[in-house]
Amino acid sequence: MDFWPEFLASSWGREFVAGGFGGIAGIISGYPLDTLRIRLQQPNPGSAFSILRRVMAGEGPAGLYRGMGAPLASVTFQVKKLGHTDNVVRDLQNAMVFQTYAILSRAFDSSVSASDPPSYKGVALGGVGTGAIQSILLSPVELVKIRLQLQNKSHANPHEPASHRGPLSVAKSILKTEGLKGVYRGFVITVLRDAPAHGVYFWTYEYMREQFHPGCRKNGQENLRTMLTAGGLAGVASWLCCYPLDVVKTRLQAQTPSSPLQYKGILDCFHRSVQEEGYGVLWRGLGTAVARAFVVNGTVFAAYEIALRCLFNNGSIQTENTI
1 MDFWPEFLAS SWGREFVAGG FGGIAGIISG YPLDTLRIRL QQPNPGSAFS
51 ILRRVMAGEG PAGLYRGMGA PLASVTFQVK KLGHTDNVVR DLQNAMVFQT
101 YAILSRAFDS SVSASDPPSY KGVALGGVGT GAIQSILLSP VELVKIRLQL
151 QNKSHANPHE PASHRGPLSV AKSILKTEGL KGVYRGFVIT VLRDAPAHGV
201 YFWTYEYMRE QFHPGCRKNG QENLRTMLTA GGLAGVASWL CCYPLDVVKT
251 RLQAQTPSSP LQYKGILDCF HRSVQEEGYG VLWRGLGTAV ARAFVVNGTV
301 FAAYEIALRC LFNNGSIQTE NTI
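The sequence shown begins at 1 in the UniProt record's numbering and counts up by one.
Right under this line is the structure:
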């Protein structure tokens, strides 16, 4: 049986693939700003511009993409097709997020007809559930990504091991030295961050697209500008509601067993960070995160919506072509 056509023939398969396209577009468009955000969240980082200058001078442009293989590696899989293999690179995390959200947003409010868009209540609760579930995959991926993004700085520590060549090397090292518990370092704070953030994320997107283009949630005829703007605002809103938790998560996941652990847990990290650096530390790097969020999430939703319409309409995009 030919798996790929069968897969795309289903609504589930099309939504999954569309989510993958959206995820890849988001990773590529926003990764350099994500690297700056992670470094800004460390103690005594300097300004975003000074970090950018140091990275460009010491590591070159490639330094801004250090660790990008971690989220992309988590999304690479192969599809067997009639005796030969097609390598299909997708953002599995985003594909899973969109598919899980599509299911949960209706499951939480079954009173809405299948022909109507999910209610805003279903959208918000579906987003919360999606954020909690996807943390199972996201937490180890972000741990590896953060370790790679901070590798150049960490390597200045003589106790640190030699530089890792990529995400697989980091993952093996963590599993060997810290075990499975180490792989899921920061899992609880990831759930606490992502569950409410995803609720805000999807609710804001659905609400804003309807405000910009009334009726589009039902007929799916919004233009590209609506997709980009609503998606961008959704990303900004989700970061604003969870950013202090993200700072704590980054600091906890940046710790390695080769040097004394600086923080004992979530509350200790929060307390000591504020005590030593003031409350402003909880919002350090927010400007970079917000700028990245607008670009990335506008791109993610636009790519997702366009791919979905392509797949459901046999290659034709039925959105308004006005910008």
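Virtual Cβ for every residue (Gly too), placed ideally from N, Cα, C.
**Request:** Could you please give the first and the last residue of the uninterrupted alpha helix (DSSP H) stretch that includes Y243?
**Result:** 224 to 254 is the extent of the alpha helix (DSSP H) around Y243.
State yes or no: is the C-beta of Y263 within less than 8 angstroms of the C-beta of Q255? Less than 8 angstroms divides the Cβ of Y263 from the Cβ of Q255.
- By Cβ distance below 6 angstroms, which residues in the same chain neighbour A124 in space, the five residues on each side in sequence not counted? Spatial neighbours of A124 in its own chain (CB-CB distance under 6 angstroms, excluding positions within 5 residues in sequence) are listed in chain order as G199, W203.
ask   = Considering only the beta carbon of each residue, do S238 and Y207 sit closer than 8 angstroms?
value = In this structure, the beta-carbon distance from S238 to Y207 does not fall below 8 angstroms.
- Does DSSP classify E210 as helix, strand or coil? The answer is helix: DSSP assigns E210 an H, G or I state.
Please state if the CB of Q151 and the CB of R66 are separated by a distance shorter than 8 angstroms. Cβ atoms of R66 and Q151: closer than 8 angstroms.
Between D116, G126, K121, which has its C-alpha nearest Q99's C-alpha? By alpha-carbon distance to Q99, the top candidate from D116, G126, K121 is G126.
Between the CA atoms of R272 and F301 - distance to the nearest angstrom = Computed Cα separation, rounded: 38 angstroms.
**Q.** Other residues of its chain near T226: CB distance less than 6 angstroms, five sequence neighbours each side excluded
**A.** Correct list, in chain order: R209, F212, H213.
- prompt: Once you ignore the five residues that flank G122 on each side, which residues in its own chain have a CB closer than 7 angstroms to its CB?
  reply: Here the set comprises S105, R106, F108, D109, V112.
Measure the alpha-carbon distance for V183 versus V296 and round it to whole angstroms.
Straight-line Cα distance between these residues: approximately 27 angstroms.
With contact counted as at least three CB pairs below 8 angstroms, one residue from each stretch, are the region 284 to 296 and the region 29 to 46 in contact? At 8 angstroms Cβ cutoff, the stretches touch.
Q.
Taking only three categories from DSSP, how would you classify G129?
A. Secondary structure at G129: helix, using DSSP grouped into helix, strand and coil.
Distance, Cα to Cα, K176 vs P257?
One C-alpha to the other measures close to 11 angstroms.
- Message: The alpha helix (DSSP H) that contains N219, what's its start and end?
- Response: Going by DSSP, N219 is part of the alpha helix (DSSP H) stretching over 216 to 219.
*How would you label R53, buried or exposed, when you count the other beta carbons within 10 angstroms and need 16 or more for buried?*
R53 should be labelled exposed.
- prompt: Under 8 angstroms, do L192 and L245 count as touching if we go by C-beta distance?
  reply: Against a cut-off of 8 angstroms, the Cβ pair of L245 and L192 comes out as a contact.
Q.
For V170, report the span of its alpha helix (DSSP H) as first-last.
A. Element bounds for V170: 167 to 183.
### Message
As a quick exercise: from P32, Y120, E178, pick the residue whose alpha carbon is nearest that of G60.
### Response
For G60, the nearest C-alpha among the options comes from P32.
Candidates V274, V236, S259: closest to V248 by CA position:
Looking at the Cα atoms, V274 is the closest of the given residues.
Next on the checklist: Classify A197: buried if its beta carbon has 16 or more other beta carbons within 10 angstroms, exposed otherwise.
Outcome noted: By the beta-carbon neighbour count (other beta carbons within 10 angstroms, threshold 16), A197 is buried.
Q) Between the Cα of G231 and the Cα atoms of G215, G186, Y304, Y279, which residue gives the shortest distance? A) G231 has its Cα closest to that of Y304, out of G215, G186, Y304, Y279.
Go ahead and label Y279 buried or exposed: buried means 16 or more other beta carbons lie within 10 angstroms of its beta carbon, across all protein chains shown. Exposed, by the Cβ-count rule.
- Task: Output the boundary residues of the alpha helix (DSSP H) element that contains S273.
- Result: S273: member of the alpha helix (DSSP H) spanning 266 to 277, first to last residue.
So the alpha helix (DSSP H) A48 belongs to, where does it begin and stop? Its alpha helix (DSSP H) spans residues 48 to 58.
- Distance, E277 Cα to D268 Cα: Distance between the alpha carbons of D268 and E277 is about 14 angstroms.
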